[in-house]
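Going left to right, the sequence shown walks through residues 10 to 183 as the working numbering numbers them. Yeah, the Cβ is synthetic: ideal placement off N, Cα and C, and Gly gets one too. From a predicted model like this one, the values you see are computed outputs, not experimental measurements.
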Amino acid sequence: MSGGQIMSNDLRQLIKESIRFELNVAEVYFGFHHRFSEDSNFWWKLLIEEKNHAALLMSGKEYFLDAGMFPSELVGSSLATLKNLNGELERLIGQEKESPMSRSAAFNLAIDLEDSAGEIDFQHAMHETGRHSKAIGLFQSLNEFNLDHADRIRSYMRQNGIDGAQAAPLPSAA
Ligand SMILES: [Fe+2]
């Protein structure tokens with residue numbers, strides 16, 4: 010197997026785990042959308058955007074990966090980290106159904122998720138302005154409005170007086 014093939018297999022796994030992560034985050038936000046009627050629109054918007062991130066990665070995998078043009082900056086570089094995050098998040102999704110978290114814990118968890126290894130590389134790639142591949146430019150324009158979740162969550166919390174100091178229930182996500 011050539012070096013190129015090994016790289017492409019690693020990248021395929023990283024993309025797969027990243028898609029799983031985006032969909033897990035969307036599921037968490039879907040739960041919040043249902044439970045917190047006062048924030049229901051806010052969570053709905055975010056969950057649609059997470060689904061769009063997943064869809065972008067899926068198209069990237071389908072159309073760019075085999076052509077050797079997938080921009081690896083879009084996904085994290087540690088497969089183990091992504092797998093751990095997904096495992097923890099899936100446990101938390103199960104747990105959350107039995108004992109739902111408070112409104113402020115929900116927001117704090119969301120910030121941790123958006124700052125975590127599962128989202129941060131995608132976010133950085135979307136802001137890359139220097140030298141980057143044509144592919145990154147294309148992903149940036151496709152993702153135009155689905156940006157800056159952590160900042161948007163923080164400002165929504167400030168505007169609505171939601172406590173940001175509370176510890177989130179996913180300690181290793183940060
Ligand atoms: Fe995302």
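Opening and closing residue of the alpha helix (DSSP H) in which residue i lies
i	result
Gly103	Leu88 to Glu107
Ala123	The sequence given here places Glu at residue 123; Ala does not occur at that position. Segment Arg112 to Glu123, the alpha helix (DSSP H) holding Glu123.
Ala144	Lys143 to Leu151
Ser46	Run containing Ser46: none; DSSP gives neither H nor E here.
Asp160	His158 to Gln168
Status (buried if at least 16 other CB within 10 Å, exposed otherwise) for residue i
i	result
His62	buried
Met78	exposed
His43	exposed
Gly146	exposed
Ile129	exposed
Asn117	buried
Gly96	exposed
His133	exposed
Asp48	buried
His136	exposed
Leu23	buried
Gly1	Examination of residue 1 is not possible in this model, given that the chain is present from 10 through 183 alone.
Glu123	buried
Ala119	buried
Where residue i falls: helix, strand or coil (DSSP)
i	result
Glu128	coil
Val34	helix
Glu71	helix
Asn18	helix
Ala63	helix
Ala134	helix
Gly173	coil
Gly139	coil
Gly77	coil
Gly40	helix
Ala182	Low confidence applies to Ala182: its pLDDT is 45, below 50, so where it sits in the model is not reliable, and the reading given next is rough at best. Ala182 falls in the helix class under three-state DSSP.
Contacts around residue i, its chain only, beta-carbon distance under 6 Å, and the 5 residues preceding and following it disregarded
i	result
Ala35	Leu56, Glu59 and Lys60
Ser17	none
Arg112	Phe45
Asn50	none
Glu227	The requested residue 227 does not occur in the structure, where the chain is confined to residues 10 to 183.
Leu83	Phe131 and Ala134
Chain-order list of residues whose beta-carbon lies under 8 Å from that of residue i (same chain, five-residue window excluded)
i	result
Ile102	Asn33, Glu36, Val37 and Gly40
Leu151	Leu65
Phe148	Leu65, Gly69, Pro80, Leu83, Ala134 and Met135
Ser142	Met78 and Pro80
Contacts around residue i, its chain only, beta-carbon distance under 7 Å, and the 5 residues preceding and following it disregarded
i	result
Lys25	none
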